[in-house]
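The number in our numbering is simply the position in the sequence shown, starting from 1, with 6 added. Beta carbons: idealized from backbone N, C-alpha and C, even for Gly. First up is the structure itself, then whatever we jot down about it.
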Amino acid sequence: GPHLKSIDELTGYPLFPEGTKSSAARFNTREIWKKYHDKKDAYGVSYKLCLFSGIKNLDSGIGVYAGSHDSYRTFSDLMDKVIEDYHKHKPDDKHVSDMDASKLKCPPLPPDEAKMIVSTRIRVGRNLEGYPLAPGVTKEQREEIMGKVVQACNTFKGDLKGTFYPLEGMDEKVQKQLIADHFLFKEGDRFLEACGCNREWPSGRGIFHNAKKTFLVWVNEEDQLRIISMQQGADIGAVFERLSRAANHIESVAKFCHDEHLGYITSCPTNLGTALRASVHIKLPKLSARKDEFQAIADKYYVQIRGIHGEHSESAGGVYDISNKRRLGRSEVQLVQDMYNGVKAMITREKEL
Ligand code: ADP
Ligand code: CIR
């Protein structure tokens, strides 16, 4: 496949092929490289590791990961540019959270529109304060984190009550089925592999979920926690209400990595802030056949189009994953609203065609 053009022999500066679109390629200037190439953040994660996913995967959109909360500060010349480019969030901007589900303006869709939506899912990413992020964590730290998260999950009551299933020792067929059914993270993601997130796999990873699998927590994948609410159909309000309740509960028993400028800290800079991705799986056979128009509506409403098995996957049967693209500098309520507005516009166009 495609590979890095070369490494500048005198400076070690990575030379990307012309036209490489990733943030890693666009923002790692020679000047920034000179300043950081031999530096490490407060947890010992090197600048090079933060860029390595983009260097190995030339088709990255971003190609940059943080090894700890401190990576965002220590490597700020690069990180600020990546963040401003993706989120339009400037170095002095503040992030304010609001997960009050009663503020959503997502009236139920009429039946002919609701039936286009297969399922609805909202997730937030979280990481514990006092530890590095996935690219920088040790095996022992990862296990300690899993222990703390499982302890917190075991305090859920009512509809959120569930069981933790470690990945280590999980029956391969069970694991495959959970992935195919969209409940569990996939294995061997090459973007995560390159920045060290898959080290010692499967140790320290797992999934907690309630009996109905409408509430799930992924442990120690790209982020230490991915708190997920999902169900069949189009009831965005119910999915957000459950997510909000679950995230608030975990936060009442665990301290998350967070600051005023970047909100919740995540290993991928695209997830900073709310770390929220609200999505529907939706059938749009006619609109999706018109690729440019489909993308233009997505861009206009700040939503992203993904395939049926998540990021970097293809669609199947004309079903697409439509989600909010922005995550930082706007509240959770507003971002779920972004998704709703984008989906509504796509449905309207689909019906016209
Ligand atoms: P993330 O949501 O963490 O950004 P992915 O894009 O890889 O990561 O998606 C994770 C899983 O969630 C995939 O299996 C994907 O198909 C599933 N998923 C996402 N949105 C929905 C949805 N609305 N309904 C059902 N499954 C979904
Ligand atoms: C990439 O750079 O393509 C991967 N590291 C994932 C980036 C986050 N996802 C996204 O914006 N769709």
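heavy atom of the ligand ADP below 7 Å from residue i C-beta
i, result
"His9", "no"
"Ser285", "yes"
"Gly243", "no"
"Arg336", "no"
"Arg32", "no"
"Met127", "A small correction: the amino acid at residue 127 is Arg; Met does not occupy that position in the sequence shown. At least one heavy atom of the ligand ADP is nearer than 7 Å to the Cβ of Arg127, so yes."
"Asp327", "yes"
"Glu320", "no"
"His215", "no"
Given residue i as reference, the closest of the options once Cα atoms are compared
i, options, result
"Asp99", "Ala240, Ile68, Val339 and Leu278", "Leu278"
"Thr354", "Lys27, Arg248, His101 and Glu119", "Glu119"
"Val102", "Leu341, Lys182, Glu178 and Ser77", "Leu341"
"Ala140", "Asp229, Ser59 and Glu206", "Asp229"
"Ile61", "Phe33, Lys40, Thr80 and Lys46", "Phe33"
"Pro116", "Ala244, Ala240, Ser337 and Lys182", "Ala240"
"Val88", "Ser74, Gly348 and Ile68", "Ile68"
"Cys201", "Tyr49, Val70 and Arg333", "Val70"
Those residues which DSSP pairs with residue i across a bridge
i, result
"Asp165", "According to DSSP, which records beta bridges pairwise, Asp165 is partnered with nothing at all."
"Ser12", "Leu21"
"Ala260", "Bridge partners of Ala260: none, in fact."
"Leu231", "Arg132 and Val225"
"Tyr171", "Ile213"
Residue i CB to nearest heavy atom of the ligand CIR below 7 Å
i, result
"Phe58", "no"
"Gln310", "yes"
"Gly324", "no"
"Phe197", "yes"
"Ile68", "yes"
Cα-Cα separation, residue i to residue j
i, j, result
"Val143", "Gly153", "14 Å"
"Gly292", "Met352", "The sequence given here has Lys at residue 292, not Gly. Looking at the two C-alpha atoms, the distance is approximately 10 Å."
"Leu190", "Thr169", "14 Å"
"Thr35", "Pro275", "18 Å"
"Val156", "Asp65", "35 Å"
"Lys145", "Arg211", "11 Å"
"Thr126", "Gln238", "6 Å"
Assigned secondary structure, residue i (DSSP; H/G/I helix, E/B strand, else coil)
i, result
"Ser337", "coil"
"His287", "strand"
"Trp207", "coil"
"Asn330", "strand"
"Lys154", "helix"
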